[in-house]
Amino acid sequence: MSEIIKAIFLGIVEGITEWLPISSTGHLIIVQEFLNLNKSKDFIEMFNVVIQLGAIMAVVIIFWKKLWPFGKEGNKHPLNKSPFGQMVKTDIFTMWFKVIVACIPAIIIVILGIDEWVDEHFYNPWVIAVALITFGIAFIVVENWNKKRKPKVKSIDELTYQTAFIIGMFQLLAALFPGTSRSGATIIGALLIGIARPVAAEFTFFLAIPVMFGASLIKLLKFGIDFTGSELAVLLVGMVVAFLVSMFIIKFIMDFIKKHDFKPFGWYRIVLGILILLYFGLIKK
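For any residue, its number in the working numbering is found by taking its place in the sequence shown, counting from 1, and adding 1440.
Below, the structure written as structure tokens:
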């Protein structure tokens, strides 16, 4: 199988699993167990992170009006004009400040170098399987507990800075335990503190933008930009496919959660985690 076809397949996996709370990293690692890229270990580690940029661009395009703080309409006070004469949408600026606050715990982890230690010691199928099962159970328990509760926060405007920081703390679980799912951890945290399901998902998408851009930049700097032609082609194909698939998946998940809860993803995680344990424990000894 050619490396380009492998990149296409991995891009599809990334585009589907990045936005569903089922761990994109876990899926990429498992898929590459059977579909090995014929590249260096350093390139594969970089690829698994930087491919997410394609998925992120889908968020930017789909939610552009909610993300770009300048436009023809905005707060009409003279001080709220940008240098280019556009009106400033202060509510979007406020949303970005909340996103930044939610990123603080992750930034601290990177500064302390804990993320590298985790990659070295926890980046393996056993930890991923346990994380898949544990958070799968958590989704089912939290959703059952939430049945009789009414959400306190029904829009991103209602999020406080304290709430944003708490969501950021839950995001750390994904950084500390591969297979947790960044979106899964933040959504569970948001549901626990009374945030409506659509708001939890949307804020998770927005939070992914700086987190993934930052993670990708760090990986690129460590790997260097001296790509071979084949490496560059594989990376670009993976990113483009992840982008195209993400365009459909993001719209799907936003429509899905209007009528359903996250329990199906919880059951999926449990089944997948058990299969991984069986495979690596019995078949691949």
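Glycine included, C-beta positions come from ideal geometry on N, C-alpha and C.
Pair within 8 Å by beta-carbon distance, residue i and residue j
i: Val-1651; j: Ala-1546; result: yes
i: Thr-1626; j: Gln-1611; result: yes
i: Leu-1468; j: Val-1539; result: no
i: Leu-1616; j: Val-1558; result: yes
i: Lys-1659; j: Val-1499; result: no
i: Ala-1542; j: Gly-1608; result: yes
i: Ala-1630; j: Phe-1645; result: no
i: Asp-1555; j: Ile-1549; result: yes
i: Gly-1619; j: Thr-1465; result: yes
i: Met-1694; j: Ala-1641; result: yes
i: Ile-1544; j: Phe-1605; result: yes
i: Glu-1583; j: Lys-1703; result: yes
i: Ile-1690; j: Ile-1502; result: yes
First and last residue of the uninterrupted alpha helix (DSSP H) at residue i
i: Val-1674; result: 1669 to 1696
i: Asp-1597; result: Careful: Asp-1597 lies outside any alpha helix (DSSP H) and carries neither H nor E.
i: Gly-1451; result: 1443 to 1457
i: Tyr-1708; result: 1703 to 1718
i: Trp-1429; result: Examination of residue 1429 is not possible in this model, given that the chain is present from 1441 through 1725 alone.
i: Val-1490; result: 1481 to 1490
i: His-1467; result: 1464 to 1474
Simplified DSSP state of residue i, which is helix, strand or coil
i: His-1517; result: Confidence at His-1517 is low in this model, with a pLDDT of 44, below 50, so its placement is unreliable and no value can be given for it.
i: Ile-1635; result: strand
i: Phe-1510; result: strand
i: Phe-1643; result: helix
i: Lys-1724; result: coil
i: Ile-1627; result: helix
Practice problem: Would you be able to state if there are at least three C-beta pairs under 8 Å between the region 1676 to 1693 and the region 1567 to 1587? | Solution: Taking 8 Å as the limit for Cβ pairs, the verdict is that the region 1676 to 1693 does not touch the region 1567 to 1587.
Practice problem: Determine, using beta-carbon pairs with one atom in the region 1479 to 1493 and one in the region 1715 to 1722, whether at least three such pairs fall under 8 Å. | Solution: Short answer: they don't touch.
Quiz item: So does the region 1476 to 1483 actually touch the region 1630 to 1640, counting three or more Cβ pairs closer than 8 Å?
Solution: Cβ pair count under 8 Å is below three, so no.
Quiz item: In chain order, which continuous runs of the alpha helix (DSSP H) of length 4 or greater are located wholly inside the region 1545 to 1583?
Solution: Every unbroken stretch of the alpha helix (DSSP H) spanning 4 or more residues and falling wholly within the region 1545 to 1583 is given here in chain order: 1554 to 1562.
Quiz item: Should the region 1455 to 1467 be called in touch with the region 1654 to 1662, which here means at least 3 C-beta pairs below 8 Å?
Solution: Verdict: no, contact absent.
Quiz item: Do three or more CB pairs link the region 1441 to 1453 to the region 1660 to 1680 at distances below 8 Å?
Solution: With a cut-off of 8 Å, the region 1660 to 1680 and the region 1441 to 1453 count as touching, because enough Cβ pairs lie within range.
Quiz item: Do the region 1525 to 1535 and the region 1658 to 1673 touch if we need at least three Cβ pairs shorter than 8 Å?
Solution: Short answer: they don't touch.
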